[in-house]
Amino acid sequence: MSVAGLGRATRESVSGLPREFWWLWTSTLVNRLGAFVATFMALYLTLDRGYSASYAGLVAALHGLGGVVSSLVAGVMTDRFGRRPTMLVAQLSTAVSVAVLGFMVHPVAIAAVAFCVGMASSASRPAVQAMIADIVPAKDRVRAFSLNYWAINLGFAVSSAGAGFVAEYSYLAGFVGEAVMTLGCAVVVFMKVPESRPPKAAAAAAATATATATDAHAAGDGVRLGTVLRDGRFMGVVGLSFVIALIFQQGYVGLPVAMGADGFSSSDFGSAVAVNGVLIVVLQIPVTRFIQSRDPRQLLIVSSLLAGYGFGLTAFAGSVAVYALTICVWTLAEIVNAPVQNGLVVQLSPAHGRGRYQGMYALSWSAAALVAPLMSGVVIDHFGAGWLWGTCAVLGTAAAFGYWLLMRNLPQGGAASAPAPAVVSGPVVAAGPVVAAGPAGAGSVPGAGGSAEPVVERTA
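The sequence shown lines up with residues 35 to 494 when you count with this note's numbering.
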């Protein structure tokens with residue numbers, strides 16, 4: 035692509051989005067620029083504190099357990115109390131708990147505070163995803179979520195490389211730095227980001243218009259968690275998301291421990307894993323533009339295989355360069371999987387229940403953050419890192435088969451699911467400035483002629 039063409043593509047990718055989205059984007063960037071704990075916890079515990087890989091896995095698992103607990107609670111809070119209050123509570127709690135964690139020395143205290151950090155840091159995810167779906171029209175969601183994901187990884191690329199060198203001198207500085215940056219994120223949200231939750235009356239009208247039993251039941255107070263659990267196709271997406279997340283989590287729990295055991299330093303790991311963020315920053319927008327016209331079924335299958343075998347190739351890595359090469363493979367899988375999988379999630383989520391649906395989806399990542407450290411610690415300690423990477427290849431193959439089974443009956447035009455809520459027209463009246471509402475029904479799957487949204491937060 036020529037320089038002029040690249041500039042035109044960039045302008046088209048960033049133009050026309052609401053001002054409120056860009057403030058939310060800014061808060062995401064600030065937050066990820068301070069990321070330290072999730073990336074360097076394993077190295078901190080094994081290299082700086084001298085604990086075993088199994089203990090490091092236990093602490094990381096408790097961090098993940100906190101996320102499991104908070105995902106569902108935050109999803110309910112997002113629907114009941116609003117997106118903005120949920121984000122503020124989560125960010126302030128994260129800042130305090132991360133700062134406290136840096137001063138803990140007793141192993142039990144470290145584990146307990148890590149659990150609190152996991153709860154706090156995962157609580158904002160459903161609110162952020164729901165708010166973007168609220169304020170951005172369906173036709174623009176693929177761009178909006180890709181840009182938000184791009185901000186996550188821009189911050190991740192910078193923080194990984196920088197924090198790796200900070201860790202060479204003081205891990206405490208990394209913890210305090212993340213706390214300060216998270217406070218900055220909360221300030222941006224408090225000052226500039228308005229509430230976007232659809233009014234109950236509009237949600238009830240949307241549910242009633244569908245004339246379905248499930249939506250009629252949800253019309254009064256919004257979708258119940260039981261409603262989400264009974265949504266078979268959506269829960270299938272959640273299950274497969276867990277498997278994929280379990281693989282990707284190894285880049286932040288298994289990989290640093292394996293590199294440390296091979297004699298590599300924290301700065302070596304930081305430099306290698308920063309490739310992940312850099313590639314996403316460079317490729318996310320052009321790749322997203324490319325996959326919008328492709329069959330989502332094929333994309334999910336291919337991305338699952340790339341993820342599994344990308345990590346599988348790590349078994350043959352013996353230098354920082356080769357580790358970086360394997361990271362390139364599974365990063366491509368992440369770039370493709372994120373917008374397509376999240377396109378399914380946003381399509382299957384009614385507007386009045388986005389918080390609970392996003393909370394259940396976030397639960398898959400939080401559960402993976404719980405299981406992955408335990409899996410990697412036990413496998414590396416008892417069998418060696420090679421078995422861990424082989425397991426990732428098997429999981430990637432299983433996920434590819436699972437996507438094939440789940441999506442083989444989907445119509446070519448989009449996901450076959452319960453009828454989407456009717457469109458709620460007009461502005462959303464919320465605390466703060468008026469935000470134009472998009473369709474209450476979520477965007478369609480990429481490649482299906484509609485719009486979609488991409489992940490999450492990384493492990494986030």
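All residues carry an ideal CB built from backbone N, CA and C; glycine is no exception.
In this text the structure is predicted, and so the values were computed from the model without any measurement.
Per-residue DSSP class, three states only, for residue i
i    : result
M75  : helix
T242 : Low confidence applies here, because T242 scores a pLDDT of 44, under 50, leaving its location unreliable and the question unanswered by this model.
E229 : coil
Y391 : helix
Q326 : coil
V139 : coil
L51  : coil
D296 : coil
P171 : coil
L122 : helix
F382 : Checking the displayed sequence, the identity of residue 382 turns out to be Leu instead of Phe. Coil.
Y85  : coil
R331 : helix
G418 : coil
R114 : helix
D265 : coil
Y437 : helix
A157 : coil
Y357 : helix
F179 : helix
A235 : With a pLDDT of 47 at A235, under the threshold of 50, the modelled position of this residue cannot be trusted; read the value that follows with caution. Looking at A235 - three-state DSSP - the assignment turns out to be helix.
F224 : helix
G430 : helix
V132 : helix
R258 : coil
V469 : Residue placement at V469 cannot be trusted, given a pLDDT of 34 that sits under 50; the coordinates are not used to answer.
G304 : helix
Residue i versus the options, residue with shortest Cα-Cα distance
i    : options                   : result
A308 : S49, W56 and F70          : F70
N310 : D329, Y286, I325 and Q332 : Y286
G101 : P160, S230, V380 and A207 : P160
I14  : A402, G91, V48 and G152   : Nothing in the structure corresponds to residue 14, since the chain is present only between 35 and 494.
C426 : A401, V380 and L347       : L347
V134 : G208, A351 and P407       : G208
R328 : V162, F350, V139 and G377 : G377
T365 : A220, L339 and G389       : L339
T128 : A154, F137 and G136       : A154
S353 : R388, S299 and V312       : S299
W57  : S88, Y343, V162 and Y78   : V162
V315 : S301, C150 and S180       : S180
S230 : V428, M441, P52 and H416  : P52
A178 : R258, V48, I278 and L79   : V48
R175 : G288, R258 and Q326       : Q326
Y85  : W59, V139, G50 and V130   : V139
G68  : D302, M441 and S193       : S193
R258 : R442, L106 and F417       : L106
S400 : W59, S158, V142 and M225  : S158
V227 : V374, W59 and Y203        : W59
Contact under 7 Å by Cβ, residue i with residue j
i    : j    : result
R66  : I144 : no
L280 : A402 : yes
E54  : I169 : yes
V93  : A148 : yes
G389 : A87  : no
G344 : A367 : yes
A95  : L408 : yes
G212 : V132 : At residue 212 the sequence reads Glu, which differs from the Gly that was named. The answer is yes: Cβ separation under 7 Å.
P330 : L77  : no
H398 : F276 : Going by the sequence as given, residue 398 is Ser instead of His. Cβ atoms of S398 and F276: closer than 7 Å.
V223 : S104 : no
P406 : Q283 : Rather than Pro, the amino acid found at residue 406 in this sequence is Ala. Result yes, Cβ atoms of A406 and Q283 sit closer than 7 Å.
A220 : L126 : yes
For residue j and residue i, believed in contact at Cβ under 8 Å, the rounded distance
i    : j    : result
Y357 : V379 : About 31 Å; that fails the 8 Å criterion.
L63  : G189 : 5 Å
Y391 : F268 : 7 Å
A201 : F350 : Incorrect: roughly 27 Å between the Cβ atoms, too far for contact.
G393 : V110 : 7 Å
L422 : I369 : Going by Cβ atoms, the distance from L422 to I369 rounds to 23 Å, so no, they are not a contact pair.
I136 : L206 : Just to set this straight, residue 136 is Gly in the shown sequence, not Ile. Going by Cβ atoms, the distance from G136 to L206 rounds to 5 Å, so yes, they are a contact pair.
A295 : A419 : 7 Å
V312 : A191 : 5 Å
**Report entry** Segment contact flag, the segment 421-434 with the segment 193-202, C-beta cutoff 8 Å, min 3 pairs
**Finding:** no
Report task. Give a yes or no on contact between the segment 327-343 and the segment 206-217, applying the rule of three or more CB pairs nearer than 8 Å. Result -> no
Query raised in the report: Between the segment 266-282 and the segment 311-329, are three or more C-beta pairs nearer than 8 Å?
Result: no
Report task. Pair every Cβ in the segment 113-131 with every Cβ in the segment 92-99, then say whether three or more of these pairs are closer than 8 Å. Result -> no
Query raised in the report: Looking at C-beta atoms only, is the number of pairs between the segment 358-370 and the segment 117-127 that lie closer than 8 Å three or more?
Result: No: the two stretches stay apart, fewer than three of their Cβ pairs being nearer than 8 Å.
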